[in-house]
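Its first residue numbered 1, the sequence shown is counted upward by one per residue in UniProt numbering.
Working notes, structure below.
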Amino acid sequence: MAHGGSLALSASLLCLLDVAEGLDPRQSTRKVVGVDIDIRPHNREALDQHPLRFKMELIEGSSIDPEIVSQVRRHTENRKQVLVSLDSNHTHEHVLAELNAYADLISVGSYCIVFDTCIEDLPVGSFPNRPWDVGNNPKTAVHVWLKSHPEFAIDKDIDNKLLISVAPDGYLKRIK
């Protein structure tokens, strides 16, 4: 979540979907759930003042902590359509744990978007102060995870349309 820009953008997209369907966004049940290991007070305050705050659920903690996973599950319970975006700790093991924790929440036809898979395609040592690098990153986790999850497939059409993306091979569509 960091500063909350993606959260605010997602909330605004949900409002646009509501309006396009003739719904009052304040009456709609569409929500975006944001998880961050550390929601800094000034970021929480800014999000609390955001006009679309009513569309946002903020959860502080590790995205792979069982209690946090349970909270996310409660917020997504009985939802018709769920999309998951993973963009936190970019190590192979962490992303693999996130995929295992959240994949079953994703609706058939919807997506799990795994960000920063591009790390695998950058020169070794591009992130000298981070634990992730070539061979230990979101893309390596995606490729390993997909081997045992035939209900998901990489949507190459998105990569081919975007051309420039931080998530090549990261658009995982739930196909069954």
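Backbone N, C-alpha and C define an ideal beta-carbon position, used for all residues, glycine too.
What you are looking at is a predicted structure, and each value in this text was computed from that prediction instead of being measured.
Report the residue from the options whose alpha carbon sits nearest the alpha carbon of residue i.
i: Gln27; options: His92, Leu17 and Val82; result: Leu17
i: Pro123; options: Thr117, Phe115 and Asp133; result: Asp133
i: Pro138; options: Thr117, Ile154, Val144 and Pro128; result: Thr117
i: Trp145; options: Asp48, Pro25, Leu172 and Ser10; result: Leu172
i: His143; options: Leu163, Pro131 and Val95; result: Val95
i: His90; options: Asp48, Gln71, Ser63 and Gly109; result: Ser63
i: Ala11; options: Ile37, Asp38 and Met56; result: Met56
i: Asn44; options: Leu23, Ala2 and Arg130; result: The question names Asn, yet the displayed sequence has Arg at residue 44. Cα-wise, what sits closest to Arg44 is Ala2.
i: Phe152; options: Asn160, Gly125 and Gly109; result: Gly109
i: Phe54; options: Asp24, Gly125 and Leu99; result: Asp24
Run through DSSP, which three-state label would residue i get?
i: Gly34; result: strand
i: Phe127; result: coil
i: Glu93; result: helix
i: Val69; result: helix
i: Leu14; result: helix
i: Asp169; result: coil
i: Leu86; result: strand
Can you list, in chain order, the residues of its chain with a C-beta nearer than 7 Å to that of residue i? Leave out the 5 residues immediately preceding and following it.
i: Ala8; result: His50 and Leu52
i: Val69; result: Ala101
i: Glu120; result: Val134, Asn137, Lys139 and Thr140
Near residue i, which residues of its chain fall below 6 Å by C-beta distance, leaving aside the five closest residues on each side in sequence?
i: residue 196; result: Outside the displayed range of the chain (1 to 176) lies residue 196, so it cannot be described from this structure.
Going by beta-carbon coordinates alone, are residue i and residue j separated by less than 9 Å?
i: Gly170; j: Phe115; result: yes
i: Ser148; j: Asp87; result: no
i: Ser165; j: Ile154; result: no
i: Arg30; j: Leu47; result: no
Assuming the contact rule is C-beta atoms closer than 8 Å, residue i and residue j should be a hit. Round their C-beta distance to whole Å, please.
i: Ile37; j: Gly61; result: 7 Å
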